[in-house]
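Right, one structure below, let's go through it.
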Amino acid sequence: NAGVTQTPKFRVLKTGQSMTLLCAQDMNHEYMYWYRQDPGMGLRLIHYSVGEGTTAKGEVPDGYNVSRLKKQNFLLGLESAAPSQTSVYFCASRKTGGTYQETQYFGPGTRLLVL
Amino acid sequence: GQQLNQSPQSMFIQEGEDVSMNCTSSSIFNTWLWYKQEPGEGPVLLIALYKAGELTSNGRLTAQFGITRKDSFLNISASIPSDVGIYFCAGQSANAGKSTFGDGTTLTVKP
Numbered sequence: 015n016a017g018v019t020q021t022p023k024f025r026v027l028k029t030g031q032s033m034t035l036l037c038a039q040d041m042n043h044e045y046m047y048w049y050r051q052d053p054g055m056g057l058r059l060i061h062y063s064v065g066e067g068t069t070a071k072g073e074v075p076d077g078y079n080v081s082r083l084k085k086q087n088f089l090l091g092l093e094s095a096a097p098s099q100t101s102v103y104f105c106a107s108r109k110t111g112g113t114y115q116e117t118q119y120f121g122p123g124t125r126l127l128v129l
Numbered sequence: 009g010q011q012l013n014q015s016p017q018s019m020f021i022q023e024g025e026d027v028s029m030n031c032t033s034s035s036i037f038n039t040w041l042w043y044k045q046e047p048g049e050g051p052v053l054l055i056a057l058y059k060a061g062e063l064t065s066n067g068r069l070t071a072q073f074g075i076t077r078k079d080s081f082l083n084i085s086a087s088i089p090s091d092v093g094i095y096f097c098a099g100q101s102a103n104a105g106k107s108t109f110g111d112g113t114t115l116t117v118k119p
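Sequence order for the protein chains is A and B. Its first residue numbered 15, the first sequence is counted upward by one per residue in my numbering. Its first residue numbered 9, the second sequence is counted upward by one per residue in my numbering.
This is the structure in structure tokens:
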């Protein structure tokens, strides 16, 4: 049981390049989330998914797209990377949403540098 | 959008001292969460609070869900060097379990 895994761990991009970050969870969780964390700040929600085939915008969705084609995977795409997207990206999953007493599990993060 | 104010921003304490940090919000949350993040890792949940007024302990950690549902505090008693890290509060809404995070409290413990 690997929990939440993220690929890649680190990436350097040039402005304008595209890339996809992969998040995978093996806990059969319904809900998945993508956050970004900038230096000295907390995590901010980019997009989230409440189930396979569904996605929704979070607090800071501009410049990102997501897909949840399989329940266990949640992909975050950058179509045209900008230096402002330099950040650490965290994926998280949760069994269900709402106020149920369940833990949100985080992956180890992907460090992205856009030059 | 919703914002959390977490304080203090950083703390430098001596081993054995007690620590207190808190979060306030302009919005009501259904759940308050406290996480710890170590360098190069994702946040790990320490304590979850589900009812206004609730006081919950996890070892040397104690957290409370404010009566107004707009604030929470975390206390760490008898700090040890491995307590070093960044502590985040998060308010969680009933809408898809989305969490709003504070900016963190960086804790340094001197042996």
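All residues carry an ideal CB built from backbone N, CA and C; glycine is no exception.
Cβ-based neighbour list, residue i, same chain, cut-off 6 Å, excluding 5 preceding and 5 following
{"i": "Thr70/B", "result": "Asn83"}
{"i": "Gln118/A", "result": "Ala106 and Arg108"}
{"i": "Thr21/A", "result": "Leu36"}
Reduced DSSP category for residue i - H, G, I as helix; E, B as strand; rest coil
{"i": "Gln72/B", "result": "strand"}
{"i": "Gln11/B", "result": "coil"}
{"i": "Gln99/A", "result": "helix"}
{"i": "Gln20/A", "result": "strand"}
{"i": "Met55/A", "result": "coil"}
{"i": "Gln17/B", "result": "coil"}
{"i": "Ser32/A", "result": "coil"}
{"i": "Lys59/B", "result": "coil"}
{"i": "Tyr78/A", "result": "coil"}
{"i": "Lys44/B", "result": "strand"}
{"i": "Lys71/A", "result": "strand"}
{"i": "Phe81/B", "result": "strand"}
{"i": "Thr124/A", "result": "strand"}
{"i": "Leu54/B", "result": "strand"}
Residue i to residue j span [Cα, whole Å]
{"i": "Phe24/A", "j": "Thr124/A", "result": "5 Å"}
{"i": "Thr76/B", "j": "Gly50/B", "result": "30 Å"}
{"i": "Ala95/A", "j": "Arg58/A", "result": "18 Å"}
{"i": "Leu129/A", "j": "Thr100/A", "result": "8 Å"}
{"i": "Ser15/B", "j": "Glu93/A", "result": "37 Å"}
{"i": "Glu62/B", "j": "Pro97/A", "result": "43 Å"}
{"i": "Ala60/B", "j": "Trp40/B", "result": "9 Å"}
{"i": "Asp79/B", "j": "Cys97/B", "result": "10 Å"}
{"i": "Thr69/A", "j": "Glu25/B", "result": "45 Å"}
{"i": "Leu12/B", "j": "Val26/A", "result": "31 Å"}
{"i": "Ser81/A", "j": "Ala102/B", "result": "23 Å"}
{"i": "Ile36/B", "j": "Gly54/A", "result": "24 Å"}
{"i": "Pro122/A", "j": "Phe73/B", "result": "28 Å"}
{"i": "Trp48/A", "j": "Leu89/A", "result": "9 Å"}
{"i": "Leu126/A", "j": "Thr34/A", "result": "11 Å"}
{"i": "Ile21/B", "j": "Val64/A", "result": "41 Å"}
{"i": "Gln17/B", "j": "Ala16/A", "result": "33 Å"}
{"i": "Lys71/A", "j": "Pro47/B", "result": "28 Å"}
{"i": "Lys28/A", "j": "Met46/A", "result": "28 Å"}
{"i": "Tyr58/B", "j": "Ser32/A", "result": "41 Å"}
7 Å CB neighbourhood of residue i in its chain, flanking five on each side removed
{"i": "Leu115/B", "result": "Met19, Val27, Asp91, Val92, Gly93 and Tyr95"}
{"i": "Glu23/B", "result": "Ser87, Ile88, Pro89, Val117, Lys118 and Pro119"}
{"i": "Leu54/B", "result": "Trp42, Tyr43, Lys44, Asn66 and Leu69"}
{"i": "Gln51/A", "result": "Leu57, Ser101, Val102 and Phe104"}
Neighbourhood of residue i by C-beta, 8 Å cutoff - its chain only, sequence neighbours within 5 removed
{"i": "Glu73/A", "result": "Arg58, Leu59 and Ile60"}
ask   = Is there contact here, the stretch 39-52 of chain A with the stretch 67-86 of chain A, by at least three beta-carbon pairs under 8 Å?
value = The stretch 39-52 of chain A and the stretch 67-86 of chain A touch, with no fewer than 3 CB-CB distances between them shorter than 8 Å.
message = Would you call the stretch 83-93 of chain B in contact with the stretch 24-39 of chain B, where contact means no fewer than 3 C-beta pairs closer than 8 Å?
response = yes
key: Sequence ranges, beta strand (DSSP E) only - wholly within the stretch 90-118 of chain B, length at least 3   = 93-100, 107-109 and 113-118
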